[in-house]
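To start, the structure itself, in C-alpha coordinates.
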Amino acid sequence: MAGKKSDVTVARFLSFQIDASRKTQREIASEIGYPNANVITMFKQGLTKVPIPVAPKVAVAIGVDPGFFLRMVLDEYMPDLLAEIEKHVGGLCSKNELAIVRVIRTATKDKDPELPKPAEKPLLSWAREHLI
1 MAGKKSDVTV ARFLSFQIDA SRKTQREIAS EIGYPNANVI TMFKQGLTKV PIPVAPKVAV
61 AIGVDPGFFL RMVLDEYMPD LLAEIEKHVG GLCSKNELAI VRVIRTATKD KDPELPKPAE
121 KPLLSWAREH LI
(Lines of atoms letter the chains of each structure in order from A and count residues from 1; the text may use other names and numbers.)
(Lines give C-alpha, C1' and ligand atoms only; values in the text may rest on other atoms or scores of the structure.)
Protein backbone atom coordinates (compact mmCIF):
# COMPACT_ATOMS: atom_id res chain seq x y z
CA MET A 1 0.00 0.00 0.00
CA ALA A 2 1.29 3.44 -0.89
CA GLY A 3 1.85 5.91 1.90
CA LYS A 4 0.50 9.42 2.01
CA LYS A 5 3.27 11.86 1.10
CA SER A 6 1.94 14.94 2.88
CA ASP A 7 0.73 15.83 6.35
CA VAL A 8 -1.67 18.35 4.81
CA THR A 9 -5.06 16.78 4.20
CA VAL A 10 -7.26 17.59 1.23
CA ALA A 11 -9.76 19.15 3.64
CA ARG A 12 -7.14 21.36 5.32
CA PHE A 13 -5.67 22.39 1.95
CA LEU A 14 -9.12 23.24 0.60
CA SER A 15 -10.04 25.16 3.72
CA PHE A 16 -6.90 27.29 3.48
CA GLN A 17 -7.17 27.87 -0.28
CA ILE A 18 -10.88 28.71 -0.18
CA ASP A 19 -10.43 31.06 2.76
CA ALA A 20 -7.54 32.75 0.92
CA SER A 21 -9.52 33.14 -2.29
CA ARG A 22 -11.71 36.08 -3.10
CA LYS A 23 -14.63 33.83 -3.96
CA THR A 24 -17.54 32.84 -1.79
CA GLN A 25 -18.30 29.20 -1.23
CA ARG A 26 -21.51 29.76 -3.18
CA GLU A 27 -19.50 31.02 -6.18
CA ILE A 28 -17.14 28.04 -6.00
CA ALA A 29 -20.05 25.60 -5.72
CA SER A 30 -21.69 27.18 -8.76
CA GLU A 31 -18.45 27.02 -10.79
CA ILE A 32 -18.04 23.30 -10.11
CA GLY A 33 -21.67 22.47 -10.81
CA TYR A 34 -23.22 22.20 -7.34
CA PRO A 35 -26.49 24.02 -6.58
CA ASN A 36 -25.51 25.20 -3.08
CA ALA A 37 -22.47 25.86 -0.94
CA ASN A 38 -23.15 23.18 1.68
CA VAL A 39 -21.03 20.67 -0.21
CA ILE A 40 -18.06 23.06 -0.14
CA THR A 41 -18.36 23.26 3.64
CA MET A 42 -18.44 19.46 3.81
CA PHE A 43 -15.31 19.26 1.60
CA LYS A 44 -13.52 21.76 3.88
CA GLN A 45 -14.48 19.84 7.01
CA GLY A 46 -13.51 16.49 5.51
CA LEU A 47 -17.06 15.19 5.93
CA THR A 48 -17.39 14.56 2.19
CA LYS A 49 -14.58 13.58 -0.16
CA VAL A 50 -14.06 15.62 -3.29
CA PRO A 51 -15.18 13.32 -6.14
CA ILE A 52 -12.21 12.44 -8.37
CA PRO A 53 -13.89 13.75 -11.56
CA VAL A 54 -14.72 17.04 -9.80
CA ALA A 55 -11.23 17.62 -8.35
CA PRO A 56 -9.82 19.46 -11.42
CA LYS A 57 -12.87 21.76 -11.49
CA VAL A 58 -12.41 22.52 -7.79
CA ALA A 59 -8.73 23.30 -8.42
CA VAL A 60 -9.52 25.74 -11.21
CA ALA A 61 -12.24 27.39 -9.12
CA ILE A 62 -9.85 28.01 -6.20
CA GLY A 63 -6.88 28.96 -8.39
CA VAL A 64 -4.56 25.98 -7.91
CA ASP A 65 -2.97 23.68 -10.45
CA PRO A 66 -5.45 20.91 -11.40
CA GLY A 67 -2.73 18.27 -11.74
CA PHE A 68 -1.30 19.11 -8.33
CA PHE A 69 -4.70 18.97 -6.66
CA LEU A 70 -5.79 15.79 -8.44
CA ARG A 71 -2.59 14.11 -7.30
CA MET A 72 -3.24 15.26 -3.71
CA VAL A 73 -6.80 13.90 -3.84
CA LEU A 74 -5.67 10.55 -5.25
CA ASP A 75 -2.81 10.31 -2.75
CA GLU A 76 -5.21 10.73 0.16
CA TYR A 77 -8.29 8.88 -1.08
CA MET A 78 -6.86 6.17 -3.33
CA PRO A 79 -3.12 5.81 -2.64
CA ASP A 80 -2.92 2.31 -4.15
CA LEU A 81 -4.44 3.54 -7.42
CA LEU A 82 -2.04 6.49 -7.51
CA ALA A 83 0.89 4.13 -6.88
CA GLU A 84 -0.17 1.92 -9.80
CA ILE A 85 -0.66 4.90 -12.11
CA GLU A 86 2.77 6.24 -11.21
CA LYS A 87 4.35 2.81 -11.55
CA HIS A 88 2.94 2.08 -15.02
CA VAL A 89 2.16 5.47 -16.56
CA GLY A 90 4.37 7.85 -14.65
CA GLY A 91 3.71 10.48 -12.05
CA LEU A 92 0.93 12.97 -12.41
CA CYS A 93 2.52 16.30 -13.24
CA SER A 94 1.60 19.87 -12.48
CA LYS A 95 1.56 22.20 -15.48
CA ASN A 96 5.03 23.45 -14.49
CA GLU A 97 6.44 19.91 -14.25
CA LEU A 98 4.81 19.02 -17.56
CA ALA A 99 6.56 21.99 -19.20
CA ILE A 100 9.90 20.50 -18.12
CA VAL A 101 8.89 17.09 -19.49
CA ARG A 102 7.94 18.72 -22.82
CA VAL A 103 11.39 20.31 -23.05
CA ILE A 104 13.00 16.91 -22.53
CA ARG A 105 10.70 15.31 -25.11
CA THR A 106 11.52 18.03 -27.61
CA ALA A 107 15.25 17.72 -26.97
CA THR A 108 15.15 13.93 -27.40
CA LYS A 109 12.66 14.01 -30.30
CA ASP A 110 10.30 11.82 -28.26
CA LYS A 111 12.75 8.91 -28.22
CA ASP A 112 12.17 8.05 -24.52
CA PRO A 113 15.86 7.77 -23.61
CA GLU A 114 17.01 6.23 -20.35
CA LEU A 115 18.78 8.60 -17.98
CA PRO A 116 22.34 7.32 -17.64
CA LYS A 117 23.32 6.95 -13.98
CA PRO A 118 26.41 9.23 -14.35
CA ALA A 119 24.18 12.02 -15.70
CA GLU A 120 21.73 11.93 -12.81
CA LYS A 121 23.82 13.80 -10.24
CA PRO A 122 24.91 16.70 -12.50
CA LEU A 123 21.36 17.07 -13.85
CA LEU A 124 20.00 17.17 -10.30
CA SER A 125 22.58 19.82 -9.33
CA TRP A 126 21.70 21.91 -12.38
CA ALA A 127 17.97 21.65 -11.61
CA ARG A 128 18.48 22.70 -7.98
CA GLU A 129 20.57 25.68 -9.07
CA HIS A 130 18.30 26.87 -11.89
CA LEU A 131 14.78 25.73 -11.05
CA ILE A 132 14.45 26.45 -7.34
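So in my numbering, the last spot in the sequence shown is 132, and the numbers never skip.
Beta carbons are placed, not taken as given, at the ideal position from N, Cα and C, and that holds for glycine.
Query: The region 7-24 touching the region 56-72, judged by at least three CB pairs closer than 8 Å; Result: yes
Query: From R12, N38, A11, residue whose alpha carbon lies closest to that of T137; Result: Residue 137 is absent from the structure shown; the chain starts at 1 and stops at 132.
Query: Proximity of A83 and K44 at Cβ, strictly below 8 Å; Result: no
Query: Residue range of the alpha helix (DSSP H) that includes L47; Result: Where L47 is concerned, there is no enclosing alpha helix (DSSP H), given that its DSSP letter is neither H nor E.
Query: Selection from K111, S94, P113 that minimises the alpha carbon distance to D65; Result: S94
Query: 8 Å CB neighbourhood of D7 in its chain, flanking five on each side removed; Result: none
Query: Residue range of the unbroken alpha helix (DSSP H) whose run includes I18; Result: 10-20
Query: Separation of E129 from P122, as counted between CA atoms; Result: 11 Å
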